[in-house]
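The structure appears right after this line, and notes come after that.
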Amino acid sequence: MTRTAPTLLAPTLAALVLASSAHAQFTYLAPGDLTPGSGSGRFDERVYAPGMAFPIRDAPAYANSQVWGHGGGSGPGGSQCDEENFSYPWRDNYCESRSWDMPLCPTGNGHQGQDIRASSCMAGVHPAIAVVDGRITNIGSYSVYLTAADGTRYDYLHMSGVRVSVGDSVSRGDILGMVDNEFGGTPTTVHLHFNIRQTVADVGTVYVPTYMSLVRAYETLVGGSVPPPPTPPPPPSSGPRLRAEYVNQTFPLSEDTFSLPGGAEQYGYIELRNTGSETWRPGVTFLATTEPRDGASPIAGPDWISPSRAATIDREVAPGATGRFAFTVRSPDVPGDYPQFFGPFHEGIGWFGDDGGPPDRWIEVRVTATPALPVDDDADRDGSPADRDCDDTNPALHPGASDTCGDGIDQDCSGADAPCDTPPPAPDASVTPPAPPPTPPPGASTRPLDDDSGCSCRAAGARTGAHSTHAALASLVLAAVLLARRVRRRGATRRSGSA
Ligand SMILES: [Zn+2]
1456 MTRTAPTLLA PTLAALVLAS SAHAQFTYLA PGDLTPGSGS GRFDERVYAP
1506 GMAFPIRDAP AYANSQVWGH GGGSGPGGSQ CDEENFSYPW RDNYCESRSW
1556 DMPLCPTGNG HQGQDIRASS CMAGVHPAIA VVDGRITNIG SYSVYLTAAD
1606 GTRYDYLHMS GVRVSVGDSV SRGDILGMVD NEFGGTPTTV HLHFNIRQTV
1656 ADVGTVYVPT YMSLVRAYET LVGGSVPPPP TPPPPPSSGP RLRAEYVNQT
1706 FPLSEDTFSL PGGAEQYGYI ELRNTGSETW RPGVTFLATT EPRDGASPIA
1756 GPDWISPSRA ATIDREVAPG ATGRFAFTVR SPDVPGDYPQ FFGPFHEGIG
1806 WFGDDGGPPD RWIEVRVTAT PALPVDDDAD RDGSPADRDC DDTNPALHPG
1856 ASDTCGDGID QDCSGADAPC DTPPPAPDAS VTPPAPPPTP PPGASTRPLD
1906 DDSGCSCRAA GARTGAHSTH AALASLVLAA VLLARRVRRR GATRRSGSA
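Sequence positions in the sequence shown follow our numbering and run 1456 to 1954.
This is the structure we're talking about:
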């Protein structure tokens, strides 16, 4: 065993440290909150080894970085016996900068476990114990592996006075050796390096985060004191300002057929989640065409801001929240396949595709234009040919349609809106929920209503989450969407008529 000079000072310091911290309240920083400059940690509150004992027999003990602490190679100077190394709060050092292959670390490399100091920097006097019942499966020049019945392996590094052998069965609490600075030659600082190795679904058998398992075990050791929950580390300031994640779209997905007769229009929306640090704002954050960027789109509808900007975001969207770009697609007059890519753009900053994404070829609406319906015929397919239909672009208006009295709209093409016998309803009355649809017979599918990609039924249903009222709410939303479209079309007709 290699003794270091600080060991000689230890008794005095140990007494000092014990006196000052014996009654100190245990506190700890959040998992993944590493010493600044020591690497990227993993914020992971999962306790991978619930119920294990704390690996150092006696409290207090201090989890923190050896390399970045006082007396460490990248530390602020001073001695490893510095009082600051033997004080709360604890600090995670799983994933600290190392070259080890570590699939669960943000960079894929890092420190495999947690470094823990005992109550003092004195070597060879603080017992390290078995954290579970198990068997000793390997002993190296400075390591002891304890494997539990469930296959989880617990590694103890840098001990002296190892008193177990490979093959020994040990019980939880048995002393395995003493906390020391063994490192197969040149000594390290006096500490216990502790790993937990486990099989993780979809990852493999890896070194898992040890920190929260140690926190829970230590709370048990010091008498169940429950500190306030750690606060998550602040969002990394190095993250992208502009980043979006696809959530949903009501337009058919690009791999599905989306056929529209030439000249026909379909209203819909694309929803994205803000995973960057910049808040999105109406009039500032747009959905624009890509491939090429800002190219005039052949499928631009009448409500587009310009031929290359489909829509602006519908509300202020803080990081973490979801917003919607709503617009109408117009099918080109020339039959053919019209793929159109889109990308979000933030005025004054730039394209999301140049920052955190998504890339330009990610969001797509692909329209297949079929031959336009003959205008003389029945363009809106409401059963009334153009020469008898008062509006052959709107299937809601045709002779024989039921005319809502007092709404200012001549649905039945009688030449005027139907008068009301009773006072006209309040403006909101036109969106009064319709009666719930009749209960379908057993086995009947309600899929068309749920899956109708042309309205916002699905999103509205998902938001409410109330399945029993889903159908009625969907009908209400559908009615509102139809109303909005009707109003828009009338507006467009008026504009073109007065031009
Ligand atoms: Zn270590």
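Glycine included, each C-beta is placed from N, C-alpha and C at the ideal position.
In this structure, the beta-carbon distance from S1714 to T1823 falls below 7 Å. Looking at P1510, Q1480, A1851, the one whose alpha-carbon comes closest to that of L1669 is P1510. When DSSP states are grouped into helix, strand and coil, E1674 belongs to the helix group.
Around the beta carbon of V1677, a 10 Å sphere encloses fewer than 16 other beta carbons of the protein chains shown; the residue is thus reported as exposed. Distance from the C-beta of H1648 to the nearest heavy atom of ligand 1 is below 6 Å.
The DSSP assignment places no complete beta strand (DSSP E) segment of no fewer than 3 residues inside the region 1830-1876. Segment contact: the region 1538-1555 against the region 1565-1577, three or more CB-CB distances shorter than 8 Å; contact assigned. Just measuring C-alpha positions, the residue of N1849, G1791, F1498, H1646 sitting nearest F1541 is H1646. When Cβ pairs closer than 8 Å are counted between the two stretches, the region 1727-1736 is seen to touch the region 1761-1775, the count reaching three or more. Taking all protein chains shown into account, Q1866 has 16 or more neighbouring C-beta atoms within 10 Å of its C-beta and is therefore buried. When C-alpha distances from W1806 are compared across V1617, I1571, R1608, L1742, the shortest belongs to L1742.
Here L1612 is not near H1581, since their CB atoms are 7 Å or more apart.
Straight across, the Cα-Cα distance linking C1868 with N1703 is about 38 Å.
Excluding its 5 nearest sequence neighbours in each direction, P1874 has C-beta neighbours in its own chain below 8 Å: C1860, G1861, listed in chain order. Taking 6 Å as the cut-off, the C-beta of D1570 counts as close to a heavy atom of ligand 1. Residues of the same chain with a CB within less than 8 Å of the CB of E1720, apart from the 5 flanking positions on each side, are G1756, P1757, T1783, V1784, R1785, S1786 in chain order. When rounded, the separation of the alpha-carbon atoms in A1656 and V1663 is 12 Å.
Nearest in C-alpha terms to S1574, of all of Y1724, A1518, D1792, V1587, is A1518. Contact between V1634 and I1591 fails: their C-beta atoms lie close to 18 Å from each other, not under 8 Å. T1675 is classed as exposed because its beta carbon has fewer than 16 other beta carbons within 10 Å across all chains shown. Per DSSP, the beta-bridge partners of W1735 are V1772. Collapsing the DSSP output to three states places Y1543 in coil. The three-state secondary structure of Y1549, taken from DSSP, is coil. Counting every other CB atom within 10 Å of its CB across the protein chains shown gives N1593 a total below 16, marking it as exposed.
Looking at the DSSP output, N1703 sits in a beta bridge with E1726. Setting aside the 5 residues that flank it on each side, S1554 is surrounded in the same chain by N1564, each with a C-beta closer than 7 Å to its C-beta; the list follows chain order.
Note on geometry: alpha-carbon atoms of A1699 and D1749 lie some 19 Å from one another.
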